[in-house]
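As structure tokens, the structure follows; a few thoughts come after it.
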Amino acid sequence: MSGTSDAHSIVEPGPTSRRVASVVVIVYALVSMVPLAWIVMTGFKSPDTAIAYPPEVVFEPTLEGYVNLFTDRTRQTPEYMADLPPPETWYDELVRSRNMVITGPSRFFGRYKNSLIIGFGSTFLAVFLGTLAAYAFSRFRVPLKDDLLFFILSTRMFPPIAVAVPIYLMYRALGLSDSHFGMIILYTAVNLSLSVWLLKGFVDEIPREYEEAAMIDGYTRLQAFWKVVLPQMSAGIAATAIFCLIFAWNEYAFALLLTSGNAQTAPPFIPIIIGEGGLDWPAVAAGTTLFMLPVVIFTVILRRHLLRGITFGAVRR
Amino acid sequence: MAEIRLERATKTFGQVHAVRELDLTIADGEFFVLLGPTGAGKTTTLRLVAGLEKLDGGRVHLGGRDVSALAPAARDVAFVFQQYALYPHYTVFDNLAFPLRSPLRRRSPQEVTRRVEEVAKLLRIESKLKNKATKLSGGEMQRVGIGRALVREPNCFLMDEPLSSLDAKLREDLRVELKHIQRDLGATILYVTHDQIEALTMADRIGVLEEGRLLQVGTPRDVYTRPASVSVARRLGSPAINLLRMDAVPGIAAPSRARNIGIRPEDVQLNGRGIEAEVEQVEHLGAESVVVLRAGEERMHALVSGGTSVQPGTAVRAELSREAMLFFDEAGQRVDA
Ligand SMILES: Nc1ncnc2c1ncn2[C@@H]1O[C@H](COP(=O)(O)OP(=O)(O)OP(=O)(O)O)[C@@H](O)[C@H]1O
Ligand SMILES: [Mg+2]
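Taken in order, these protein sequences are the chains called A and B.
Position 137 of the first sequence, counting from 1, maps to 154 under my numbering, and the rest follow consecutively.
Position 245 of the second sequence, counting from 1, maps to 307 under my numbering, and the rest follow consecutively.
Below you can see the structure in the form of structure tokens.
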């Protein structure tokens, strides 16, 4: 017997399997991070370095991509440029070094705002309605419960885009095309089935006795729901919210089809940012980087719940 | 505290008649134990009183008031659940304080603290008040569950096998404590169990429930010594009562309708008189021993004190005490001599 104790229990992985697992996880993490890192890097390149071959990994960072993302510019003659008063800001200067002047803000900010409104709005609605529906399905004697649940799930059995044409016609007739409200209810409708099913699982896990005890102790059902059930659903709600947000945030096809100006979200907008002589890659990359941020932040905030949520059932009791 | 009165209370779940036309009055300050096998409808009866189930027929009165149509919150009863049902996201203190913070019965924070500390002391969980409810042993959780019922002064207490998940020692302790608390408070308690020891030791009166029907109601002594039927007689006593055919004990003056004799094991004496029997087995329980006897076709148990010297395989004579004999008719009902 050696003095050092690396004894481990039967269920816990041994040192070798641990090492193998770490290597696999690290490799996987690297593989999935490289494209992200590439996008973030490209955002700080100049249009020339962005398309340089072989690709440059070490380069002089510039904010040109971000400036281009947020502004509209026009090219001017050298005489015109010479007559201008000195540039007022650093981004004026940056743009003029390329013989251009800023003509105004780009439409990116508006698209980004649309994405926020539609993404978070539909996520909130899907989770809110889903929570209530899940509670009702779990606790009340709903007529035709199983059929209803199946029906709700069946809306997931085809790709949403399969109904694109009817929805397009319907939205046109109802005047919902290119409106925030229209996009919010569309994404809510698509997410609702996932939300109801996921959340029902979580409510089922919570013993009825909790609410019953509260109701006997002087609370109404709604108060008991609020005080007792909801706190215990937090992990499930967080997990569901993340899934819903990721769908609504990244949705491309419907956004492309149904929105053009007023309610256009960022996904159909970002890939068509045009620069000189084609796509403005640094601006596209800058837009993509900014576009990823809200979901990343949202997920990091709820991460603690997410882990518990995804492994639900195994955690409680 | 208040009286509980059930009038032809009925509850069915689909094909299952959980509770059938139950008539029962529990007096103010009484400790009433509902005893019955699993599935008898004990929990359902409690839930009907609490308002957690809707009556399919009949009425429930609390303190003389018809509460059949009232929501659980408005009935002002306290319930201790079969599983502890503590709120896992709260500390022990907040669990105990929960009923006192309800919109219906809100108390001042000072009063909440005072009451919670009082009850915690009573149940000896003061040192655990700051713990998360999930970080407790089973016994402590059960105490908190009972404590949550005790913090306010409800109309009555409904307890659904509150001690069933505890080990024997703890169960015994809490049994004594609970009875003590009940006497001090003069509380009306409707207590459900399928443990006959709990029923016999704590109850002022026992109700024996089977398939949703009350078979008998009476004091523990009454129900034990004068069971209304074979089912009731079998429910109480350990080892269970011996049931013999009439001809197993010759020369007994019995009522003419009697078909079976019931005799409790402690009323069977191995003193060299009475019927002949063979010892099949001896089980030593410490202070007592159970002797399994065979007399002709009949098998019976005798409860004898201490270190008996009877050996398996030997022949003995068993005397059945005539006064202790019970007689049952064809339908299993007791008939008086
Ligand atoms: N919500 C329900 N839905 C359908 N049937 C039920 C429901 N609750 C109880 N039952 C049925 O009613 C009968 C009585 O149940 P109950 O829970 O009152 O029994 P119990 O005496 O408390 O049993 P135990 O000792 O096992 O707790 C059982 O047959 C049970 O299956
Ligand atoms: Mg029960």
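Note that the Cβ used here is the ideal one computed from N, Cα and C, for glycine as well.
Against A/D163, chain B offers no close residue; the least beta-carbon distance is about 16 Å (beta-carbon pairs closer than 7 Å). In the structure shown, B/V311 adopts coil according to DSSP, grouped into three states.
Contact annotation for A/T237 against chain B: A135 [CB-CB distance below 7 Å, chain order]. The continuous stretches of alpha helix (DSSP H) do not include B/V352, which lies in the beta strand (DSSP E) extending over residues E350 to A357.
In this structure, the straight-line span from the alpha carbon of B/E360 to that of B/N217 is close to 50 Å.
When Cβ-Cβ separations below 9 Å define contact, B/V139 makes contact with chain A. By the Cβ neighbour-count rule, B/H346 is exposed, with fewer than 16 other Cβ atoms within 10 Å of its own.
Within 8 Å of the C-beta of B/V254 there is at least one heavy atom belonging to ligand 2. Counting the other Cβ atoms within 10 Å of the Cβ of A/L191 gives fewer than 16, which makes it exposed.
Taking A/T205 as the centre and dropping the five residues before and after it, the same chain places the C-beta of S139, L142 and A143 closer than 6 Å to its C-beta, in chain order. Apart from sequence neighbours up to five positions away, the residues of its chain that approach B/L114 with a beta-carbon distance below 7 Å are P134, ordered along the chain. Interface with chain A (9 Å Cβ-Cβ cutoff): B/Y286 is excluded. For the segment 149–223 of chain B, the continuous beta strand (DSSP E) assignments of 3+ residues that do not extend past its boundaries occur at 218–222, in sequence order. Contact check for A/A67 and A/T59: beta-carbon distance about 5 Å, within the 8 Å limit, so the pair qualifies. With a cut-off of 8 Å, the C-beta of B/Q144 is classified as near ligand 2, since at least one heavy atom of the ligand falls inside that distance. For B/Y149, the neighbours in chain A by C-beta distance under 7 Å run, in chain order, Y227 and V245.
Proximity of chain A to B/F143 at the Cβ level (cut-off 8 Å) is accounted for by E226, E229 and A230, in chain order. Using a cutoff of 8 Å, the CB of B/K73 does not count as near ligand 2, since none of the ligand's heavy atoms is closer than that. In terms of side-chain proximity, the C-beta atom of B/E223 is found nearer than 8 Å to a non-hydrogen atom of ligand 2.
Counting every other CB atom within 10 Å of its CB across the protein chains shown gives A/V317 a total below 16, marking it as exposed. Near chain A, meaning a CB-to-CB distance below 9 Å, the residues of the segment 107–120 of chain B are R109, A112, G113 and L114. Using beta-carbon distances, B/F155 does not count as an interface residue toward chain A, since no partner is under 9 Å. Ordered by chain, the residues meeting the criterion of a beta-carbon within less than 5 Å of a non-hydrogen atom of ligand 1 are B/F75, B/V78, B/A80, B/T100, B/G101, B/A102, B/G103, B/K104, B/T105 and B/T106.
Against chain A, the beta carbon of B/R283 has no neighbour under 7 Å; the closest one sits roughly 33 Å away.
Nearest C-alpha to A/Y108 among A/P102, A/T88, A/Q93 and A/S212: A/T88. For B/S164, the residues of chain A that pass the 7 Å Cβ criterion are D234, G235 and Y236, in the order they occur in the chain.
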